Amino acid sequence: MMTTPPLTSSEQASAEKSDLLQHARAIHERVLTLDSHIDFAPADLVSERNYTQRLDTQFNLPNMIDGGLEGLFFSIFVAQTREAQNAEALKAPGFERAYHRAREKFDAVHHFTMQSHPTKSSWHSRL
Numbered sequence: 594m595m596t597t598p599p600l601t602s603s604e605q606a607s608a609e610k611s612d613l614l615q616h617a618r619a620i621h622e623r624v625l626t627l628d629s630h631i632d633f634a635p636a637d638l639v640s641e642r643n644y645t646q647r648l649d650t651q652f653n654l655p656n657m658i659d660g661g662l663e664g665l666f667f668s669i670f671v672a673q674t675r676e677a678q679n680a681e682a683l684k685a686p687g688f689e690r691a692y693h694r695a696r697e698k699f700d701a702v703h704h705f706t707m708q709s710h711p712t713k714s715s716w717h718s719r720l
């Protein structure tokens with residue numbers, strides 16, 4: 594009767610990693626998977642080169658689908674600079690600039706979800 598030689602520490606670690614990955618994939622299949630914060634460039638939602646393509650970006654639909662991500666939230670955030678960096682920061686002109694940048698992002702998400710790719714996305718807003 595032949596016996597199997599004991600596993601080396603490297604083989605043992607590899608087997609444990611494989612078991613852990615299998616367990617993680619099983620959990621992933623049973624839960625709703627969301628990304629609650631997507632940073633994005635407005636141009637990548639409205640131009641010919643956009644997030645429906647496999648881009649070298651944090652987010653794109655092909656990678657989302659391949660990875661089993663079922664939903665996401667686009668984050669519309671515009672930072673204000675410090676007064677030392679920009680004298681108009683935290684004043685009316687700075688607020689106006691921030692508003693226009695935020696509006697650009699908001700409009701890009703709306704365009705992407707409602708006009709360009711309505712079959713691949715949906716729009717929900719709380720304003």
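Read the sequence shown against the working numbering and you will find it ends at 720, with the numbers running on by one and no gaps. Each residue gets a CB set at the ideal place from its N, CA and C atoms; glycine is no exception. Keep in mind the model is a prediction, meaning the values are calculated, not measured.
Can you check which of these residues, the options, is closest to residue i by C-alpha distance?
i      : options                           : result
Glu663 : Ala634, Tyr692, Phe699 and Lys713 : Lys713
Arg694 : Asp659, Pro598, Gln651 and Gln673 : Gln673
Asp632 : Phe699, Leu625, Gln708 and Ser709 : Phe699
His704 : Gly661, Pro635 and Gln651         : Pro635
His710 : Glu676, Lys610, Thr645 and Arg623 : Thr645
Gly660 : Arg618, Ala682, Ala677 and Leu600 : Arg618
Ser629 : Pro598, Trp716, Asn679 and Phe667 : Phe667
From what residue to what residue does the beta strand (DSSP E) around residue i run?
i      : result
Phe699 : It is not in any beta strand (DSSP E) - Phe699 instead sits in the alpha helix (DSSP H) that spans Ala685 to His703.
Ser603 : Run containing Ser603: none in the beta strand (DSSP E); it sits in the alpha helix (DSSP H), Ser602 to Arg623.
Asp628 : Leu627 to Ile631
Leu638 : From DSSP, Leu638 is part of no beta strand (DSSP E) but of the alpha helix (DSSP H) over Ala636 to Val639.
Buried or exposed: where does residue i fall if 16 or more other Cβ atoms within 10 Å of its Cβ makes it buried?
i      : result
Ala701 : buried
Leu638 : buried
Phe670 : exposed
Can you grab the Cα-Cα spacing for the pair residue i / residue j, in whole Å?
i      : j      : result
Glu697 : Glu689 : 12 Å
Gln605 : Leu614 : 14 Å
Leu665 : Ile658 : 12 Å
Arg675 : Ser718 : 30 Å
Asn643 : Arg623 : 30 Å
Asn656 : Ser715 : 18 Å
Leu627 : Ala691 : 28 Å
Met707 : Gly687 : 30 Å
Asn722 : Arg647 : Nothing about residue 722 can be read from this structure; the chain reaches only from 594 to 720.
Leu654 : His616 : 25 Å
Just checking residue i against the ligand HEM - is the residue's beta carbon closer than 6 Å to any of the ligand's heavy atoms?
i      : result
Ile658 : With respect to small molecules bound, the structure shown includes none, and the ligand HEM cannot be examined in it.
Could you give the first and the last residue of the continuous alpha helix (DSSP H) run that contains residue i?
i      : result
Leu654 : Leu654 to Asp659
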